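Undergrad:
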Amino acid sequence: MTELTLQVVLTVAAALVGTGLFGALSQQSIVMVMMGLELVVNGVLLAAGAAWAFLTPQLPGAQVLVLMATVVMAVEMAMGFAVALAIYRARQVDTVDAAEDLAG
């Protein structure tokens with residue numbers, strides 16, 4: 811069985827960031843763009859948490875900070891989905907190109 815090393819975790823985090831970046835830049839749907847951004851932030855949090863856990867395992871404060879950032883990110887995404895749903899209900903707009911004229 812393979813040992814979980816920092817290099818393995820950082821590789822998974824880089825794959826999450828790359829997949830999320832591709833998803834956020836290549837999609838037209840607001841929900842799919844938000845899901846791509848969610849993957850990017852998850853990859854960054856995974857990398858930060860793994861770096862702290864492997865470099866300073868005796869300090870649990872870093873893991874608590876990553877957990878709090880994950881909770882804040884989940885609340886932020888819930889609010890983003892609520893705004894996307896409100897835009898769709900008000901104007902029947904579900905793509906990024908059609909939603910950019912909503913300012914004003």
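Number 885 in the numbering used here belongs to position 75 of the sequence shown; there are no gaps in the numbering. Heads up, the beta-carbon is just placed ideally off N, CA and C, and yes, glycines get one too. Nothing here was measured: the structure is a model prediction, and the numbers come from that model.
1) What residues match up with Ser839 in a beta bridge as DSSP calls it?
2) For Ala825 and Val819, I'd like the C-alpha separation in whole angstroms.
3) Leaving out the 5 sequence neighbours to the left and right, which residues in its chain are closer than 6 Å to Ala872 when beta-carbon positions are compared?
4) Evaluate Glu848 with the Cβ neighbour count: other Cβ atoms within 10 Å of its Cβ, from every protein chain shown; 16 or more gives buried, anything less gives exposed.
5) Look at Ala834 and Val827 and say whether their C-beta atoms are less than 8 Å apart.
6) Per DSSP, what kind of secondary structure is Gln817 in: helix, strand or coil?
TA: With the structure as the only source:
1) Thr905
2) Those two C-alpha atoms are separated by around 10 Å.
3) Trp862
4) buried
5) no
6) helix
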